[in-house]
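The sequence shown begins at 2 in the working numbering and counts up by one.
Where is the CB? At the ideal position from N, CA and C, for every residue including glycine.
One structure is given here, and the rest of the page talks about it.
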Amino acid sequence: MENFARYYTRQLVTFAPQPGSRSTTLVPDLAAGLAKVSDGGTTYTYTLRDGITWEDGSPITSQDIKYGIERNWASDVVSGGPARLQTVLDPQKTKDQDPQKLGLRAVETPDSKTIVFHLPEPNGDFEEMLALPMASPVKRERGTGSVYELRPFSSGPYKLDSYDPHHELVLVRNEHWNEESDRIRPALPDRIDVTFVPNANDMDKRLLSGESTSP
2 MENFARYYTR QLVTFAPQPG SRSTTLVPDL AAGLAKVSDG GTTYTYTLRD
52 GITWEDGSPI TSQDIKYGIE RNWASDVVSG GPARLQTVLD PQKTKDQDPQ
102 KLGLRAVETP DSKTIVFHLP EPNGDFEEML ALPMASPVKR ERGTGSVYEL
152 RPFSSGPYKL DSYDPHHELV LVRNEHWNEE SDRIRPALPD RIDVTFVPNA
202 NDMDKRLLSG ESTSP
């Protein structure tokens with residue numbers, strides 16, 4: 002599922018789309034480069050690359066990335082998600098807010114193209130965590146709480162056309178995706194159809210008839 006999410010979500014960094022062990026190599030995605038690490042391994046600074054946009058053509062900002070990450074703390078709205086970032090950025094589980102209500106103190110956005118993470122202690126896995134879908138940007142005005150996953154706002158080459166969790170998901174091209182800003186994801190077909198078959202017997206029949214090629 003994390004690999005499928007690449008169609009419509011991007012992160013600051015991601016794993017290289019390469020075979021074998023090379024697939025574990027981190028490469029820049031929304032960021033212009035990998036993190037500049039300072040302060041003994043506790044500060045990670047990223048500058049966003051040019052030309053990164055949402056599906057409506059508006060620019061993806063550092064504030065969008067921060068907001069997307071902060072949603073991980075909303076366990077009262079979205080439950081059951083991974084807690085890796087909370088553990089690293091907010092080990093006391095306080096979701097410490099600054100006086101200006103600008104969100105987590107551990108994440109700063111001095112301007113729309115810069116984002117800085119302050120870890121309470123070094124963690125060698127932190128940048129790998131930022132490559133996972135839980136660190137995807139979310140445009141605040143497009144946030145829909147617990148039902149956001151039914152219509153995520155796209156930052157990748159495809160966007161949702163329709164989604165029935167019990168039947169089918171359809172992706173179509175995101176006309177505002179900028180190929181020059183994204184060397185990770187090719188946009189090949191114009192449309193991607195995914196049919197959900199929850200019944201194992203039906204899946205077997207589809208495989209045997211050639212209607213489906215994988216479970």
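query	result
C-beta contact flag for E169 and V195 at 8 Å	yes
Continuous alpha helix (DSSP H) assignments of at least 4 residues falling wholly in the segment 118–160	127–130
Per-residue DSSP class, three states only, for Y47	strand
Where K160 falls, given that 16 or more other Cβ within 10 Å makes a residue buried	buried
From P18, V117, S155, S113, residue whose alpha carbon lies closest to that of G42	V117
Reference K114; option with closest CA among A107, D65, T145	D65
Beta-bridge partners of D164, as assigned by DSSP	Correcting the residue type first, residue 164 is Tyr in the shown sequence and not Asp. According to DSSP, Y164 bridges with L170.
Spatially closest choice to D191 from L172, T25, I185, by CA coordinates	L172
L120 versus V28 - alpha carbon distance	21 Å
8 Å Cβ cutoff met for Y45 and A33	no
Helix, strand or coil at A6 according to DSSP, with G and I counted as helix	helix
DSSP-derived helix/strand/coil call for F197	coil
Check whether P158 and T10 have beta carbons under 8 Å apart	no
Three-state class that DSSP yields for E181 in the structure shown	helix
Buried or exposed (CB count within 10 angstroms, at least 16 for buried), T88	exposed
For K114, the three-state DSSP class (helix, strand or coil)	coil
Among P20, R23, G125, the one whose alpha carbon lies nearest that of S39	G125
S63, DSSP secondary structure in three states	helix
Cut-off 7 Å between Cβ atoms - residues of its own chain near E71, not counting five sequence neighbours on either side	G104, L105
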